[in-house]
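Peer 1: So the protein lines, in turn, are chains U and V. Using our numbering, you'd call the opening residue of the first sequence number 381 and step up by one each time. Using our numbering, you'd call the opening residue of the second sequence number 22 and step up by one each time. Before I ask anything, here is the structure I am working with.
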Amino acid sequence: MSAIGIDFQQNFFQLFNVPSRFQIDMVLLEQNYRVLQAQVHPDKFTHLSESERRVSMQWATRVNEGYQILRKPLDRARYLLSLHGVETQEETNTAMPVDFLMQQMEWREAIEDAQQAKDVAQLDVLLSKLRNDVKELQKLLELNIDIQQDFIAAAGVVRKLKFIEKLAEQIDSALDELDN
Amino acid sequence: MALLQISEPGLSAAPHQHRLAVGIDLGTTNSLVATVRNSISLVLNDQDGRALLPSVVRYLPDGGVQVGDVAQAVQSEDPINTIVSVKRFMGRGLADVGDVANMPYRFVDAPGMVQLRTVAGVKSPVEVSAEILNVLRVRAEQSLGGELVGAVITVPAYFDDAQRQATKDAAKLAGVNVLRLLNEPTAAAIAYGLDNAAEGIYAVYDLGGGTFDISILKLSKGVFEVLATNGDSALGGDDFDHRIYCGLLEKNKLSALGAHDTRLLLTRARAAKEELTDHAETRITAMLSGGDLIDTLLTQKDFHDMTLNLVARTMQPMRRALRDAELSADDIKGVVMVGGSTRMPQVQRAVAEFFKQTPLTNLDPDKVVALGAAIQANVLAGNRNADEWLLLDVSPLSLGIETMGGLTEKIIPRNSTIPTARAQEFTTFKDGQTAMSIHVVQGERELVSDCRSLARFELRGIPPMVAGSARIRVTYQIDADGLLSVSAREQSSGVESHIVVKPSYGLSDAEIAQMLQDSGRHAHDDMRARALREQQVEANQLLEAVSNALDQDGNTLLNEEQKTRILAAMGALRNELQGTDHLVIKRAAAQLNDATVTYAQARMDKSVSHALTGQKISELDN
């Protein structure tokens with residue numbers, strides 16, 4: 381999944397005027413997002429010329445994309461690593477530590493068990509456990525990227541986080557299904 | 022406090038050039054039009070002082086059309102030609118409509134959208150809706166004393182692409198320039214938020230005549246940010262009427278009623294529902310055409326019991342919206358109730374229980390959407406300096422593409438802030454494959470067959486290559502109206518094909534022109550004169566916008582050559598405006614637009630960098 385549209389002269393960190401790091405000030409990011417949208421949003425250009433309306437839509441699209449990427453830790457890490465020339469290879473590089481894979485299998489079984497038992501409370505418990513794991517890995521990302529600048533190690537953490545995100549999605553759709 | 026410098030992207034209109042703009046709530050049961058006058062948003066009444074226009078259209082044998090109360094009054098006498106709740110058919114095929122047997126219409130299964138056979142011929146829901154919009158447009162123009170620059174038309178947040186496109190087509194047919202399609206709960210939030218200086222996270226629970234929306238919004242300092250929305254575009258007050266109706270059939274052992282009796286009992290059912298809002302019980306009486314007398318007592322408890330699962334059906338979207346926003350019910354500061362159906366006590370109780378707080382009902386649930394739409398219309402028309410004002414909305418449903426095995430690959434996930442665009446690359450399956458079929462779908466389910474099909478198109482002219490080596494980039498763009506366009510391009514060879522599709526339910530401009538010509542009302546209208554007038558208004562707006570821009574920064578952002586080119590294009594357009602050929606004016610306007618593209622980009626670059634430069638300077642000051 382990648383960006384489209386106009387050429388990027390600035391990367392998203394520059395565009396939003398936040399330091400190019402994993403750990404960023406989310407309040408500042410949100411504030412700057414709103415300042416930028418206040419400049420470029422199509423609602424400001426409805427009464428103007430066709431060309432200005434078109435440029436506005438392209439910019440607003442770009443600002444929305446950038447905000448979503450910087451706002452979500454996993455996307456932000458992936459993007460930051462790509463700026464450093466490191467691709468995270470989530471689709472191709474599936475070589476994971478054995479203990480991590482074992483853990484994944486346990487997770488999957490636990491989710492499926494809860495799903496079959498229609499145990500919404502248990503699914504919620506699993507989800508909050510998962511979120512703790514996510515927080516731990518995010519701390520590791522901060523260490524790898526911002527302090528050690530070990531981008532290769534960080535790419536490994538991103539791949540792990542991607543696995544966990546898929547588990548969270550699985551719980552989410554299980555909850556959705558039980559809701560029906 | 023860092024001071025942010027915000028430069029204005031475009032000049033707002035001079036005070037004496039107040040542009041007439043309205044907000045229109047095109048509802049399932051009732052429709053309204055509102056405008057901002059002296060900074061106050063108010064609903065425009067008809068000549069008899071009525072604000073609500075019943076969304077009822079009756080077709081007469083002589084080709085005449087009745088809209089509103091007059092049509093509603095005779096709906097039982099002439100049920101087949103009197104269309105109520107047409108919104109439920111917008112952008113919907115016959116298979117989607119549901120309980121066809123219990124509706125007093127003669128449906129025609131047309132490709133894309135269902136149609137209705139009336140005494141005045143076969144009518145599409147788009148045409149029926151256009152009749153309602155036309156009455157509101159005329160009401161507004163008479164009340165405001167001039168032609169409208171445009172309107173903000175509200176749609177249920179959970180409307181899909183086909184339903185939105187159908188609404189926009191109806192406006193076009195009614196001669197209404199759409200400034201924006203605005204989601205109903207968002208419109209309500211604007212009216213509510215401004216009225217109450219609300220800050221924090223709010224839920225808007227909008228149960229209308231035929232649609233249900235739930236939106237979670239973050240309100241802060243003039244920014245209305247939708248965090249998530251969900252709903253059911255086929256659930257509303259009509260369904261509650263229908264439950265009473267079915268109860269009547271069962272209790273009185275009736276079956277297979279004619280169109281007249283069906284409409285009669287549905288009307289009685291609705292009256293009973295309204296009565297039960299503040300009465301413990303009500304008596305339903307009706308004389309059927311066969312001479313049977315219906316006389317049934319209905320208590321609030323009966324009504325509550327028979328509609329339990331309808332109320333429950335609104336809870337699931339609420340849970341889903343909260344989950345998508347990563348919030349829980351405790352995070353919600355207030356719940357705004359919108360739509361006439363939220364008057365039902367069982368609905369209010371269920372919502373109160375869910376959010377553990379009493380919902381807010383201090384704004385008229387019938388009017389709040391139109392009032393909010395009018396406020397936004399005023400901003401979009403350029404009447405108000407919109408700098409402190411920002412509306413960030415989302416698209417309600419995921420958009421995807423069909424991949425191998427009938428599976429959906431999501432390209433834009435639901436609740437993405439609009440406008441948004443995403444691209445994804447696909448490749449060929451066979452050696453030498455020169456065409457690729459692209460199937461655009463909307464919905465959350467994995468199987469394509471469970472999602473709504475929006476469009477199919479083919480990308481042709483792919484140079485023959487080994488399977489898997491072509492790179493076809495498919496781009497989805499959702500604009501600020503929530504409308505989708507899709508394009509596809511083969512990249513690897515440098516050969517480019519580019520297609521933009523309209524969803525299959527959308528009407529082409531030619532079809533709309535044909536409908537306009539077919540419609541009796543417009544036959545007398547001089548089509549050319551109307552097209553000319555529209556083009557003149559548009560051209561003048563364009564000239565004004567460009568000349569304002571030039572005054573602002575023409576000398577700093579343009580070199581002599583660029584400036585000369587723009588001035589020449591302006592001169593040419595002014596020249597053509599003297600003439601009477603709308604196509605010639607249109608062409609000259611397009612040329613001026615072309616001449617200003619790089620200028621528009623430069624202006625935007627400047628405005629964006631200025632915003633952040635201002636911040637840097639003020640941070641240094643601290």
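Where is the CB? At the ideal position from N, CA and C, for every residue including glycine. Only a predicted model underlies this, so the values are computations on that prediction, with no experimental measurement involved.
Answer with yes or no whether the minimum CB distance from V/Leu411 to chain U is below 8 Å.
Peer 2: Closer than 8 Å to some Cβ of chain U, the Cβ of V/Leu411 qualifies, so yes.
Peer 1: Please confirm if V/Met111 has its CB atom under 8 Å from at least one CB of chain U.
Peer 2: Answer no: the Cβ-Cβ gap between V/Met111 and chain U never drops below 8 Å.
Peer 1: Quick one: using the 10 Å Cβ neighbour count with 16 as the cut-off for buried, is V/Gly48 buried or exposed?
Peer 2: Under this definition V/Gly48 is a buried residue.
Peer 1: For V/Asp574, which of helix, strand or coil comes out of DSSP?
Peer 2: Note: V/Asp574 maps to helix in three-state DSSP.
Peer 1: Establish whether the CB of V/Gln556 and some CB of chain B are separated by less than 8 Å.
Peer 2: No chain B appears in the structure shown, which is made up of the protein chains U and V.
Peer 1: If you count every other CB in all the chains shown that lies within 10 Å of the CB of U/Ile527, and 16 or more means buried, which is it?
Peer 2: U/Ile527 comes out exposed.
Peer 1: Where does V/Thr634 fall in DSSP's three states?
Peer 2: Of the three classes helix, strand and coil, the one that applies to V/Thr634 here is helix, per DSSP.
Peer 1: Assign U/His464 to one of two classes, buried (16 or more other C-beta atoms within 10 Å of its C-beta) or exposed (fewer than that).
Peer 2: Exposed, since its Cβ has fewer than 16 Cβ neighbours within 10 Å.
Peer 1: What is the DSSP secondary structure of V/Met358, reduced to helix, strand or coil?
Peer 2: Note: V/Met358 maps to strand in three-state DSSP.
Peer 1: Answer yes or no: do V/Gly171 and V/Ala402 have a C-beta to C-beta separation smaller than 8 Å?
Peer 2: Cβ distance < 8 Å, so V/Gly171 and V/Ala402 count as in contact.
Peer 1: Taking Cβ-Cβ distances below 9 Å as the criterion, which residues of the segment 511-530 of chain U are in contact with chain V?
Peer 2: Listed in sequence order: no entries.
Peer 1: Can you tell me the Cα-Cα spacing of U/Gln438 and V/Gln367, whole angstroms?
Peer 2: So the two alpha carbons sit approximately 46 Å from each other.
Peer 1: Residues of chain U with a CB under 7 Å from the CB of V/Ser628: which are they?
Peer 2: Here the neighbours are Gln419.
Peer 1: Alpha carbon to alpha carbon, how far is V/Val140 from V/Ala191?
Peer 2: Using only the alpha carbons, I get a separation of about 21 Å.
Peer 1: Relative to the alpha-carbon of V/Leu331, which residue among V/Asp316, V/Thr363, V/Glu347, V/Val173 has its alpha-carbon at the smallest distance?
Peer 2: V/Leu331 has its Cα closest to that of V/Thr363, out of V/Asp316, V/Thr363, V/Glu347, V/Val173.
Peer 1: I'd like to know if the segment 230-241 of chain V and the segment 273-283 of chain V are in contact, where contact means that at least 3 CB-CB pairs between them fall below 8 Å.
Peer 2: No, the segment 230-241 of chain V is not in contact with the segment 273-283 of chain V.
Peer 1: Which residues, in order along the segment 194-226 of chain V, keep a beta-carbon less than 9 Å from a beta-carbon of chain U?
Peer 2: Listed by position, the residues of the segment 194-226 of chain V near chain U (Cβ gap below 9 Å) are Leu200, Arg201.
Peer 1: Expressed to the nearest angstrom, what Euclidean distance is found between the alpha-carbon atoms of V/Leu504 and V/Asn404?
Peer 2: C-alpha separation (whole angstroms): 25 Å.
Peer 1: With a cut-off of 8 Å, do at least 3 Cβ pairs link the segment 262-271 of chain V to the segment 75-91 of chain V?
Peer 2: Contact fails: fewer than three Cβ-Cβ distances are below 8 Å.
Peer 1: For the alpha helix (DSSP H) holding V/His325, just list the boundary residues, first then last.
Peer 2: Element bounds for V/His325: 321-327.
Peer 1: Quick check on V/Met457: does DSSP put it in helix, strand or coil?
Peer 2: Correct three-state label for V/Met457: strand.
Peer 1: In the DSSP assignment, what are the bridge partners of V/Pro75?
Peer 2: Paired residues: V/Asn51.
Peer 1: Counting Cβ pairs, one atom from each stretch, are 3 or more of them under 8 Å apart for the segment 72-79 of chain V and the segment 208-219 of chain V?
Peer 2: These segments do not touch.
Peer 1: Under 8 Å between beta-carbons, which chain U residues line up against V/Val400? List them in chain order, please.
Peer 2: In chain order: Asp423.
Peer 1: Does the segment 155-164 of chain V come within contact of the segment 214-223 of chain V, defined as at least 3 CB pairs closer than 8 Å?
Peer 2: In short, these stretches do not touch, since the Cβ pair count stays below three.
Peer 1: Do V/Arg341 and V/Asn251 have their C-beta atoms closer together than 8 Å?
Peer 2: Yes. Within cutoff.
Peer 1: Check the Cβ-Cβ distances between V/Asn614 and every residue of chain U, and say whether any is below 8 Å.
Peer 2: For V/Asn614, the answer is yes, since a Cβ of chain U falls inside 8 Å of its Cβ.
Peer 1: Any idea what DSSP makes of V/Asp253, helix, strand or coil?
Peer 2: If DSSP states are grouped into helix, strand and coil, V/Asp253 belongs with the strands.
Peer 1: Quick one: residues in its chain with C-beta nearer than 7 Å to the C-beta of V/Glu423, no 5 flanking neighbours on either side, listed in chain order?
Peer 2: Thr429, His460, Val462, Val469, listed in sequence order.
Peer 1: Give a yes or no on whether the C-beta atoms belonging to V/Asn436 and V/Asp345 are separated by under 8 Å.
Peer 2: Yes, Cβ-Cβ distance for V/Asn436 and V/Asp345 is below 8 Å.
Peer 1: In terms of DSSP beta bridges, what is V/Asn204 paired with?
Peer 2: In the DSSP output, where bridge partners are listed per residue, V/Asn204 has V/Val176.
Peer 1: In chain order, what residues of the same chain lie with their CB nearer than 8 Å to the CB of U/Gln495, ignoring the 5 residues before and after it?
Peer 2: So the list reads Leu503, Ala554, Glu557, Leu558, once near-sequence residues are dropped.
Peer 1: Thinking V/Ser145 and V/Met134 are a contact (beta carbons under 8 Å), I'd like their distance in whole angstroms, please.
Peer 2: Indeed they touch by this definition, with Cβ atoms about 6 Å apart.
Peer 1: Can you confirm whether V/Thr441, when its beta carbon is compared against all beta carbons of chain U, has any partner nearer than 8 Å?
Peer 2: Yes, its Cβ sits closer than 8 Å to a Cβ of chain U.
Peer 1: Using a cut-off of 8 Å between C-beta atoms, extract the partners of U/Ser431 located in chain V.
Peer 2: In chain order: Asn614, Asp615, Thr617, Val618, Tyr620, Ala621.
Peer 1: Looking at the C-beta of U/Val415, does it have a partner C-beta in chain V at a distance below 8 Å?
Peer 2: Chain V, which has a Cβ nearer than 8 Å to the Cβ of U/Val415, makes this yes.
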